[in-house]
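These notes concern the structure reproduced below.
Residue numbers (UniProt numbering): 1 to 154.
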């Protein structure tokens, strides 16, 4: 199998790295379907789950967020991104306003909670009280991979 085929195999689950070498090199990877590949390069991009494959000090930080919806044909409430008090508010061209996010260390829990939403809602309404009448369109959770110094990994 050609190494170039990996371009056409995104999001395949690597079960393990066989014989990892010093300096971040590896000779082979085993996919979840049992196939063994010998690529020239492996890019490990599995976020908060990186420590399942490599001995790296990565922990997840849960972030709860939500979006609001502006009524149609209404002038926008915001024209720029706001960031203050652990909260960001991002107006989108399609009329959504994205609000986030909590920072909850060390959990893989993917559930939106009332406490997490209240944290974001309270901070957002403190910054922009007029958001209080907009309907909540969507809620979600993201898990950010984080290093011991609390820096994110992009």
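Cβ coordinates follow ideal geometry from the N, Cα and C atoms, glycine included.
Assuming residue i contacts residue j (C-beta within less than 8 Å), just tell me the rounded distance between them.
i: residue 64; j: residue 141; result: 5 Å
i: residue 97; j: residue 131; result: 7 Å
i: residue 136; j: residue 82; result: Not a contact, Cβ separation roughly 18 Å.
i: residue 147; j: residue 57; result: 7 Å
i: residue 102; j: residue 62; result: 7 Å
According to DSSP, what are the bridge partners of residue i?
i: residue 59; result: 146
i: residue 108; result: DSSP output for residue 108 lists no bridge partner at all.
i: residue 82; result: 89
i: residue 139; result: 66
i: residue 134; result: Paired residue(s): none; residue 134 is not in a bridge.
i: residue 157; result: Outside the modelled stretch of the chain, which goes from 1 to 154, sits residue 157, for which no answer is possible.
i: residue 116; result: None; residue 116 has no bridge partner.
Residue i to residue j, Cα distance in whole Å?
i: residue 110; j: residue 116; result: 12 Å
i: residue 1; j: residue 88; result: At residue 1, the pLDDT of 46 sits below 50, so the modelled position is not reliable; the number obtained from the coordinates is stated separately. Cα to Cα, residue 1 sits roughly 46 Å from residue 88.
i: residue 36; j: residue 79; result: 51 Å
i: residue 76; j: residue 118; result: 23 Å
i: residue 48; j: residue 153; result: 9 Å
Where does residue i land, buried or exposed, given buried means 16+ other C-beta within 10 angstroms?
i: residue 144; result: buried
i: residue 66; result: buried
i: residue 104; result: buried
i: residue 70; result: buried
i: residue 45; result: exposed
i: residue 34; result: exposed
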